[in-house]
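Read top to bottom, the protein sequences are chains U and L.
Residues in the first sequence are numbered from -2 upward in steps of one, following the working numbering.
Residues in the second sequence are numbered from -2 upward in steps of one, following the working numbering.
See structure below.
Number of protein chains: 2
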Amino acid sequence: MDKRCIGIDIGGTTVKMGMFEPDGTLVEKWEIPTRKEEGGRYILEDIAASVRKKTAECGLSLSDFSGAGMGLPGPVMPDGHIEFCVNLGWKAGNPQQTLSALLDGMQVKSGNDANVAALGEMWQGGGRGYKNLVMVTLGTGVGGGVILNERIWPGMQGVGGEIGHIHVIEGETEACNCGGYGCLEQVASATGIAREARRLLAADKRDSVLRSKEKITAKDVLSAARDGDALALTVVETSCRYLGWALAAVTMVLDPQAYIIGGGVSKAGTFLTEKIKKYHDKLSPMATRKADVVLATLGNDAGIYGAAKLVLG
Amino acid sequence: MDKRCIGIDIGGTTVKMGMFEPDGTLVEKWEIPTRKEEGGRYILEDIAASVRKKTAECGLSLSDFSGAGMGLPGPVMPDGHIEFCVNLGWKAGNPQQTLSALLDGMQVKSGNDANVAALGEMWQGGGRGYKNLVMVTLGTGVGGGVILNERIWPGMQGVGGEIGHIHVIEGETEACNCGGYGCLEQVASATGIAREARRLLAADKRDSVLRSKEKITAKDVLSAARDGDALALTVVETSCRYLGWALAAVTMVLDPQAYIIGGGVSKAGTFLTEKIKKYHDKLSPMATRKADVVLATLGNDAGIYGAAKLVLG
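In structure tokens form, the structure reads like this:
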């Protein structure tokens, strides 16, 4: 198969799209706004129109493509069925069937966006060379994706890889978005790191550059920690300890080759991954061959890469 | 394929063996002692001799079998290689190749005993009808096995499914057998439940039937809890809470259909599984379709069933 394919990553604000060669070369990349009005009914039509336009611009026709892959912000069943996509306003349906119909029957496959990003990183990003890995995306929340034998493992209901909602904090009284208490996301997401810093500033008398900030962000905390601010460093160690703990639990279940760390928080680089690895290794002594903990490299493009890989198989 | 096959479960004291029809019917079951002297060098020879003897007794020859499966007490690589089997005195080698040679080239497959038991329970036990499940064996230690798409997931180094070594207890100062601190096994194994009871008896002033016992066992604790002993019930709730917590973490990673609870401690029945399920469900609110928590049914035969299934594929 040497036909090109399309990778589509549908977010709450923009839809990112890419045209790929089968070898993983990204030949065109573009995006359109996500029209969420009226229950998001125009989103797939907009995508189909945009794909047709780009295809024509490249002097190609739809039949020159092997198919299109699509990452969706919500749980996706193996047959492409979704129960809802809160961020897009979608209710139950099968968006991959709908898009296929809008593209003259082109093969369309879909998956959860975090899982699809994990597949993209495995294929052309920080996870190249690994067949079994778990990706963790540290952004506003903590997402994740499990890749086994080079394929997404979505689980029975699409909850597979929801690393951010592993319970790790005993006694947490504030609720997580999922309804639970003490999820990893509450201490390791950008929001969680900032919250942890605010809590520590209130409880700890040490001086800190963070005290001068009006609104503390995870970036402030990580940058201060790197510059040697002791209080900020305590916060980062706490977040990384819980991350390492959750990944150590994953190791005891799946024993993967590697963990890929992505998302905005991962811009802190090896300063972050080395700490995560330190705690992971300490909390999984049984695993004598330690999994690698590496940085994602595709950034916001991981979704379109993974979506394309869905089609290439 | 309608040839019979052999399932072999090698333990530190006895080797259990079974002859199976391809449909899962156990037609013969027998055992021999495990001769551990001289680095366990006679174990495989004894097994081969016993298989030949039983085969002849049944009026069959080795060529009437599709193969033999074998569960080993230690990590097993996908090609059957082992680094060691502490309980048998074995060092690095490939026991499945050795046994095959001793049985005139019969097909032999092997796997870790806990994983193989999980496969057995999926095939003919408490896990019948599920394709994706995680088994947890609550015995002297806490073992486990992950079954995905009806196959064992051993992980990169055979650590997959080591549920007992998920870290859950903060601040534990006593070391686990694995070298870690605060593993599930330390609070949910038979040993762990008894230890937890001793600790609570020392720290808690309440009266309890357990105070009259000279040496408290997990069975004593479970039986007292069932009879309404408040202190024993506290111990059982603690163990089940940590079990539910660890399984909730597994749900966030793999989202399986079911958990199968086996081992000596599971003789407490649904009194135990209902409590485990209560905490699992509470700590995994994101999984709206809750995994089943069911009892294993094959007892000590799970290993020979699973070993046979290894060969049947």
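The beta carbon of each residue, even a glycine, is placed where N, CA and C say it ideally should be.
Asked: Give the DSSP-derived three-state secondary structure of residue 82(L) in the structure shown.; Found: strand
Asked: Can you look up residue 74(L) in the DSSP assignment and give me helix, strand or coil?; Found: coil
Asked: Does any residue of chain L bring its CB to less than 8 Å from the CB of residue 21(U)?; Found: no
Asked: State buried or exposed for residue 185(U), treating a residue as buried only when at least 16 other CB atoms are found within 10 Å of its CB.; Found: buried
Asked: So if I threshold CB-CB distances at 7 Å, which residues from the stretch 33 to 60 of chain U count as touching chain L?; Found: none
Asked: Do the CB positions of residue 156(U) and residue 108(U) come within less than 8 Å of each other?; Found: no
Asked: Quick one: list the residues of chain U neighbouring residue 163(L), beta-carbon separation under 7 Å, in chain order.; Found: 246, 249
Asked: Would you call the stretch 260 to 268 of chain L in contact with the stretch 128 to 142 of chain L, where contact means no fewer than 3 C-beta pairs closer than 8 Å?; Found: yes
Asked: Hey, how far is the Cα of residue 151(L) from the Cα of residue 0(L)?; Found: 27 Å
Asked: Taking residue 295(L) as the reference, give the member of 304(L), 238(L), 142(L), 122(L) with the closest Cα.; Found: 122(L)
Asked: Here's the rule I'm using: 16 or more other beta-carbon atoms within 10 Å means buried, otherwise exposed. How should residue 271(U) be labelled?; Found: exposed
Asked: Taking only beta-carbon atoms, is residue 70(L) less than 8 Å away from chain U?; Found: no
Asked: Beta strand (DSSP E) containing residue 16(U): first to last residue?; Found: 11 to 17
Asked: Does the stretch 110 to 120 of chain L come close enough to the stretch 76 to 87 of chain L that 3 or more CB-CB pairs lie under 8 Å?; Found: no
Asked: Can you tell me whether residue 81(L) is buried or exposed, with buried defined as 16 or more other CB within 10 angstroms of its CB?; Found: exposed
Asked: So residue 252(L) is in the alpha helix (DSSP H); what residue range does that whole segment cover?; Found: From DSSP, residue 252(L) is part of no alpha helix (DSSP H); its letter is neither H nor E.
Asked: Based on Cα-Cα distance, which residue from 86(U), 13(U), 8(U) lies nearest to residue 34(U)?; Found: 86(U)
Asked: Looking at residue 149(U): is its Cβ nearer than 8 Å to the Cβ of residue 65(U)?; Found: no
Asked: Can you tell me whether residue 275(L) is helix, strand or coil according to DSSP?; Found: helix
Asked: Could you compute how far the alpha carbon of residue 198(L) sits from the alpha carbon of residue 276(L)?; Found: 24 Å
Asked: Can you name, in chain order, every residue of its own chain whose Cβ lies under 7 Å from the Cβ of residue 44(L), other than the five neighbours on each side?; Found: 5, 12, 96
Asked: Would you kindly work out how many angstroms separate the C-alpha atoms of residue 208(L) and residue 242(L), rounded to a whole number?; Found: 29 Å
Asked: Quick check on residue 60(L): buried or exposed, where buried means 16 or more other Cβ atoms within 10 Å of its Cβ?; Found: exposed
Asked: Is the CB of residue 16(U) under 8 Å away from at least one CB in chain L?; Found: no
Asked: Candidates 257(U), 15(U), 251(U): which alpha carbon is nearest residue 55(U)'s?; Found: 15(U)
Asked: Rounding to the nearest angstrom, what Cα-Cα distance links residue 126(L) and residue 119(L) in this structure?; Found: 7 Å
Asked: Residues of the stretch 133 to 166 of chain L in Cβ contact with chain U at a cutoff of 9 Å, in chain order, please.; Found: 141, 143, 145, 150, 151, 152, 153, 154, 155, 156, 157, 158, 159, 160, 161, 162, 163, 164, 165
Asked: Would you call residue 306(U) buried or exposed, if buried means 16 or more other Cβ atoms sit within 10 Å of its Cβ?; Found: buried
Asked: Does residue 125(U) have its Cβ less than 8 Å from a Cβ in chain L?; Found: no
Asked: Only counting the same chain, and skipping five residues up and downstream in sequence, which positions put a Cβ closer than 6 Å to that of residue 183(U)?; Found: 173, 189
Asked: Would the stretch 213 to 231 of chain L and the stretch 159 to 177 of chain L be scored as touching if the rule is three or more Cβ pairs under 8 Å?; Found: no
Asked: Of all the options 101(U), 164(U), 160(U), which has the alpha carbon lying nearest to the alpha carbon of residue 141(U)?; Found: 160(U)
Asked: Considering only their Cβ atoms, is the gap separating residue 177(U) from residue 165(U) smaller than 8 Å?; Found: no
Asked: Compare the Cα-Cα distances from residue 27(U) to each of 17(U), 288(U), 36(U) and report the closest residue.; Found: 17(U)
Asked: In this structure, how does DSSP classify residue 195(U) when only helix, strand and coil are distinguished?; Found: helix
Asked: Applying a beta-carbon distance threshold of less than 8 Å, which residues of chain L neighbour residue 230(U)?; Found: Those do not exist, as residue 230(U) stays about 21 Å from chain L at its closest Cβ, beyond 8 Å.
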